[in-house]
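S.K.: Before I ask anything, let me first share the structure, which is written out below as C-alpha cells.
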Amino acid sequence: MGKLTISIPTGRMKEESLALLSRLPQCPPLDFVNSRRLVVEQEDLPWRIIFSHPKDSSTYVEFGAADIGIVGKDILLERENEVYELLELPIGKCTMVLAAPLSTSREELLEKEALRIATTYPNFTRRYLQERGITANIVFLYGSIELAPPIGLADAIVDLVSTGKTLRENRLQVVEEIAPISGRLVANPVSIKTHSKEIYLLVKELKGVI
Amino acid sequence: MELVLGMKDSYPREVKRKREMEFVLRNLFEKWGYEEVEPPTIEYYSTLENTLGDEAKERVYKFVDRNGKLVSLRPEFTTSIMRMYSKKEMRETAPHRVYYVGKIFRYPSSPLRVEDELTQLGLESLGKNGVDTDTEIIALALSALLALQELGIEDFMLDIGHVGIFQGVLSSFPLSPSEKLSLKSLLKKKDFVALEKFTSISSHPLFPFLLHLPFLRGKREILEETKKNYPLSPPLIDTLNYLGEIWDIISDFHLEKHAFINLGLIRDFDYYTGVVFEGFSPRLGYPLLAGGRYDELLEKSGSSLPACGFALFLERLMEVQKESIKKDRPPFISIAYPPVFRSSIFALAEKMREEGIPIIIEEKKGEDIQVLQGKELVYQGKDEEKIKTIIQERFKSWES
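So the sequences go chain by chain: A and B. When you number the first sequence by my numbering, it's gap-free, plus one each residue, and the end is 210. When you number the second sequence by my numbering, it's gap-free, plus one each residue, and the end is 1400.
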C-alpha cells in the first residue's frame, strides 16, 4: 500500500500545520510555506502532501482524494463531511460568534421583526438559529462579513473571531459565543481501515508533540 | 426534455458492464442455493418508518397514492423482503435463502451528488441465526468480491465487526438515557474529538477502549491483543469470541485472505443486531458492499424473523473496475442489400445470429450487397458465400 496522502489547507493554517507536522519525530524539514506547489511527492517524506483551499480540505478527505487532512472545525460544522474527526490540533484557534453593531443591544437584536444575518457559514447558521429558536433570514456572503451590518445589508453576522480587532474596528460586538474553533485532524472512513496502523501512529505521535 | 435532477442515463457500454457483473453474481448466488425474488418498487412509508433511522427517513422519496396514503420508493430491499417473509406461512416454511437485484432510491446526502438511483444486488438468509448462517453470509460476501476479480475488481477488503462491541461499551458506562443518545450520535458522526471530552465517563476503565475502537483492526490476533490490553466486560469478551469463531470458520474455508476484523465498524442503518461487515477498495472512499444481521427489524411491528444479508452497490463497483476491462466492443457488422436479395440475406443473417454473431440488416438502393463493420466497408458484391466467410472471420478475430 502506498504512502498516506495528507491534505493541508493553504492560507493562514498552512504555516501552522507545517510547523506542527515538522515537530514529529524523524520528520524531514517541510519548507513549503512559501511554495506555490499544490502537490508534493518526495522520497524522504512520510506522506504525499496536497495543499488545498482551506474550505475544501475536508472535502478531499471525504471523497478519498486524501486519506487524512487538517481542517478547521468551522468547515466541518458547515460542510458536515462524512469523515472521522480524530484529533484536536492547537492551531487555527478562534471562536464562532454571533456579532452585532455596538449600538444594538442583545435584546433589541433578538426582538427585531425581520432579522437578517450575514455569514459565510449558511448551513451552520441555519442549524444554530433553529436550535436557539431564532427566526432570521440568512444572507450568504463570500467574505468581508463585517461590512454587512454598517452598510445595512444585515442586522448581525455569524463569523469567526480570533482577536476581535476586526469587529472593534467595524463597531461590532460579540452577542453570543457559539462554538470554540480550532484545527482538526480528519480521516477518510475507508482510509482509516486500509491504513489504520499508519493513521494510528500519526495520531499517537501528534499527541506526543502537541 | 430535461433529465430529472439526481437521475442518470446509462448508455450501452455501461449497461453491458453492469449486466456482466449481475451475471457473475447471480450465478454465484444460485450455486449457493439462493433464489431470486422481486419486491415492488414502492412500499407504504409506514412500513419503512419502523426500520429507518432519522436521517435515512429524511432521505426517502415520498408521495401519496390515490387513497392519500404516504408511499415511498424503496430506499433498500431488506425491509421489503422482511415484509414478504414475515407472513405466517412464510415463517412456517423458513429458512429461506433469497437474492434480489434492482434500483434503490434515496436523496443523496448532498444535493450536488447524482446518486438518487442506485443498483443494488444482494441476498438475505431468513429464519435462521447463529454462527453458521453468519459465516455463510460472510463467505458469500467474500466469494462475491472474489468472483468479480475476473471483471477487474481487485485489491478489495472485507471488514467484519459486531454491533455488540458498541452496545457492550455503552452499557458498561453509567450514563443517563440522554447522555447515551448524545454519545451514540457522536459515534455516528465519528467525532472522536468531542468523544474524548465526554468527561462524565473519561475516568471509566473502558474509555480508552472506546477511543481506540477505530484502530482496532487486523487479522485474528487483534482479538487476543484487545482482550489483553483492555478490561473488557464479559459480554464484550463473548462478542470477541464470537468474531473469533467466525474467523476460524472463514479460515477453514480458506477465504480469510481479504478479510479483517474491525472492532470499530459502525454501520449507518440502525437495524443491525449482530455481526456487521463492509467491503471496500482502497481506490474508493465509500463501501462497495455492506451487510449484517438484523434479527429485530420487525420487532416494532410485532413479529420477529432472524435474518442476515448484504447488498453490493453496482455503480460503485464499476467505479473501481480496472480501466483495461472497460474496453470497447468492436462495432457491429451490418449488411445492406437491395430488395432482390431480401429473402436470402434474411436467411443468411438468421444463420449468423444462430452462430452467436450479432448482425444488423438494412435495405438499400443499387445492385450490390455491402458488408460494413461500423463505417468501414468490408465487402461489396453479390457473392453470398464470401459474405458468410468474411463475417465469420471478422467475428472470430474480435472474439480472441
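Just so it is clear, CB atoms sit at the ideal spot from N, CA and C, and this is done for glycine as well.
(1) For residue 106 of chain A, count the other beta carbons within 10 Å of its own beta carbon; 16 or more makes it buried, fewer makes it exposed. Which is it?
(2) List, in order along the chain, the chain B residues whose C-beta lies closer than 8 Å to that of residue 63 of chain A?
(3) Which residues in chain A sit within 9 Å of residue 1109 of chain B, going by Cβ to Cβ distance?
(4) With which residues is residue 1036 of chain B paired in a DSSP beta bridge?
(5) Tell me the residue span of the beta strand (DSSP E) that contains residue 1307 of chain B.
(6) So, are the CB atoms of residue 1311 of chain B and residue 1167 of chain B less than 8 Å apart?
(7) Label residue 121 of chain A either buried or exposed according to how many other C-beta atoms from any shown protein chain fall within 10 Å of its C-beta, with 16 as the threshold for buried.
(8) From this set, B/1047, B/1200, B/1156, which residue's C-alpha is nearest residue 1289 of chain B's C-alpha?
(9) Quick one: list the residues of chain B neighbouring residue 88 of chain A, beta-carbon separation under 7 Å, in chain order.
(10) Any Cβ of chain B within less than 8 Å of the Cβ of residue 48 of chain A?
(11) Please report the distance separating the alpha-carbon of residue 96 of chain A from that of residue 1323 of chain B.
(12) Which bits of chain B does residue 184 of chain A rub up against, with CB to CB less than 8 Å?
(13) Which residues does DSSP list as the beta-bridge partners of residue 4 of chain A?
(14) Report all residues from its chain with a CB closer than 7 Å to the CB of residue 1180 of chain B; omit the five preceding and five following residues, and keep chain order.
(15) Between the region 1254-1276 of chain B and chain A, which residues of the former have CB atoms less than 7 Å from a CB of the latter, in chain order?
(16) Work out the CA separation of residue 1194 of chain B and residue 186 of chain A for me, nearest whole Å.
(17) Helix, strand or coil: how does DSSP classify residue 1373 of chain B here?
(18) Rank A/174, A/31, A/155 by C-alpha distance to the C-alpha of residue 163 of chain A and give the top, closest one.
(19) Does the beta carbon of residue 200 of chain A come closer than 8 Å to any beta carbon on chain B?
(20) Would you list the one or two residues that DSSP bridges to residue 52 of chain A?
(21) Note down the Cα distance separating residue 1375 of chain B from residue 1355 of chain B, rounded to an integer number of angstroms.
(22) Would you list, in chain order, the members of the region 1207-1230 of chain B that have their beta-carbon closer than 9 Å to a beta-carbon of chain A?
(23) Taking the beta strand (DSSP E) that residue 174 of chain A falls in, what are its first and last residues?
(24) Taking the continuous beta strand (DSSP E) assigned at residue 85 of chain A, which residues delimit it?
(25) Flag this pair as yes or no: are the beta carbons of residue 59 of chain A and residue 79 of chain A separated by less than 8 Å?
(26) At what residue ranges does the region 1200-1264 of chain B contain a whole run of the alpha helix (DSSP H), taking only runs of 4 or more?
(27) Go ahead and label residue 1329 of chain B buried or exposed: buried means 16 or more other beta carbons lie within 10 angstroms of its beta carbon, across all protein chains shown.
(28) Mind checking residue 23 of chain A: buried by the 16 CB within 10 Å criterion, or exposed?
(29) Below 8 Å, can you find three or more Cβ-Cβ pairs linking the region 1230-1249 of chain B to the region 1110-1129 of chain B?
(30) Shorter than 8 Å from the beta carbon of residue 1280 of chain B to some beta carbon of chain A?
(31) Which residues does DSSP pair with residue 1072 of chain B in a beta bridge?
(32) Check each residue of the region 1176-1206 of chain B: if its Cβ is closer than 7 Å to any Cβ of chain A, include it; give the result in chain order.
(33) Cβ of residue 1287 of chain B within 8 Å of Cβ of residue 194 of chain A?
(34) Tell me whether the beta-carbon of residue 1127 of chain B lies closer than 8 Å to the beta-carbon of residue 1096 of chain B.
(35) Assuming residue 1134 of chain B is part of the alpha helix (DSSP H), what are its boundary residues?
(36) List the endpoints of the continuous alpha helix (DSSP H) containing residue 169 of chain A.
M.R.: In this structure, then:
(1) exposed
(2) 1285
(3) 80, 82
(4) B/1099
(5) 1307-1313
(6) no
(7) buried
(8) B/1156
(9) 1193
(10) no
(11) 46 Å
(12) 1193
(13) A/47
(14) 1170
(15) 1262
(16) 13 Å
(17) strand
(18) A/174
(19) yes
(20) A/9
(21) 23 Å
(22) 1212, 1214, 1215, 1216, 1217, 1218
(23) 172-187
(24) 84-101
(25) yes
(26) 1207-1212, 1221-1229, 1234-1252
(27) exposed
(28) exposed
(29) no
(30) yes
(31) B/1043, B/1062
(32) 1190, 1191, 1192, 1193
(33) no
(34) yes
(35) 1131-1147
(36) 165-169
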